[in-house]
Structures are given as structure tokens and as C-alpha cells.
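Presented below is the structure to which this report refers.
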Amino acid sequence: AQKVTQAQTEISVVEKEDVTLDCVYETRDTTYYLFWYKQPPSGELVFLIRRNSFDEQNEISGRYSWNFQKSTSSFNFTITASQVVDSAVYFCALSGIPSGTYKYIFGTGTRLKVLA
Amino acid sequence: NAGVTQTPKFQVLKTGQSMTLQCAQDMNHEYMSWYRQDPGMGLRLIHYSVGAGITDQGEVPNGYNVSRSTTEDFPLRLLSAAPSQTSVYFCASSSLGGVETEAFFGQGTRLTVV
């Protein structure tokens, strides 16, 4: 079965600190996709990044970076020099085609609070 | 660019009432889905569709019905609302097979059942 675990329920940091949000996944698929979404206090869900199972290259986008490691089934997200605007709930998601069906499964989310 | 449009944004129902949450997308996406978001539970998949005329159950389908008569629309029906269905509901759509690309989400519907 597919599963996404975000063990950190809530993290508080002081502005300008670096913070890493953990995501561990389980799947039997050989081809799958991993995503991160941000949900700011306004409630909408904003796509941040997609990674497929064949691409283990880490990615950096401004202050955001992602570390994908198939060996540990993890897809962690780091924010460098955090800002108050980064305060949000962050969701990791996994998709694949198990048994011929299409599923898009989310973790329970990590609430990040960045304090000024 | 409208993207994914959900209506209504807020709704209060009495136990036993029925209602339909509307979802429409204008991106010609094949894949559409409904999630509910509850505190500490993340987003849980209710139903999904890979194209017009094709629907399937997700993780928490009980108490909800869906249909997909057109590519654009994917309504979610609550036939007899229960307090346990109090939640925030999100509709999403994505292209291709639905699992390869990012999902686009509506603004959400906050439903309270009293």
C-alpha cells in the first residue's frame, strides 16, 4: 500500500534559521512521483515541486531545496534563511499507479511557524 | 485563468440534509478528485475520476457519491449529511494520467453539519 509519513506535526523556528521538513514514503511501485505543496493561512494549496522516481538529483529553487533519497524512501524539504511568509502547512504527496488504479496520497502535513 | 472552481465556499447543513458540492475545471484535465481535510489527518482522498464516465473510490468514500458526465465537471454529493462530514473539501484536477503531474486545487469548501 502507498503511505506518506510526515512525523513532524509542528515546527517553530526563528526567522533566518534553516529548517528541514521530513517526508518518508512507502510504495511498491517502481515508477512513482513525489510532490510538496504549501498551504498558507489563507487555505489554498500551492504546488512547490514534483520529482519522479528515476530522478534522484537534488533540486534548489531560491531558498528552497529538496533531497530525494530512494535508499531511505525520503523526500525532505529544506528552507534556508526562513522568513515569516514561509509560515504554512506543508504537505508531501505520493502518486503512482498501483494495481492499475490512480492514487494521489498526501501526508498529514507539517505546520511551520516562523517567528519574527 | 479560472483553473479549478469550487462552489460554495461555505455551507452549513442540518443532519440528514443533502447537497452537492460543485467542481469545474477549464484546463481539459482528465483526472479529477475530491479530498477532505481534517485537523491532523492531512488530505484524504474521497473519490476520483480518470475521465468522463469513469469514477472510483478513494480512502474515505462512504457517505459520498460522484459522477463525471463531462470532462469539466466533477460534483460531490452528500445524500444524507452527518456531523462526521464536517470538514474542508478540496477538488483537484491534473493532466495526463493524473499521477505524473501536479494537481491544481480549488479554493476549498468549508462544510459544517449540525
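If you read the sequences in order, they're chains U and W.
Just so we're on the same page, our numbering is the position in the first sequence counted from 1, plus 10.
Just so we're on the same page, our numbering is the position in the second sequence counted from 1, plus 1012.
We put the CB at the ideal spot given by N, CA and C, even for glycine.
Because the structure is a prediction, the values reported are computed rather than measured.
If you check the CB distance, G1070 (chain W) and A1094 (chain W) do not come in under 9 Å. In terms of CA proximity to R121 (chain U), U:T30 leads the group U:T30, U:I70, U:K80. Look at T41 (chain U) here: in three-state DSSP terms it is coil, with no helix or strand label.
Considered as a whole, the stretch 1046–1120 of chain W harbours 1054–1063, 1066–1069, 1076–1078, 1088–1090, 1099–1106 as its complete beta strand (DSSP E) runs of no fewer than 3 residues, in chain order. Chain U has a Cβ within less than 9 Å of the Cβ of Y1047 (chain W). Taking C-beta atoms as the reference points, Q1049 (chain W) and L1033 (chain W) fail to come closer than 9 Å. Taken through DSSP and simplified to helix, strand or coil, K1026 (chain W) comes out as coil. Rounded to whole angstroms, the separation of the alpha carbons of I1058 (chain W) and L1090 (chain W) is 12 Å.
Between the stretch 1034–1044 of chain W and the stretch 46–53 of chain U there are fewer than three inter-stretch CB-CB distances shorter than 8 Å, so the stretches are not counted as touching.
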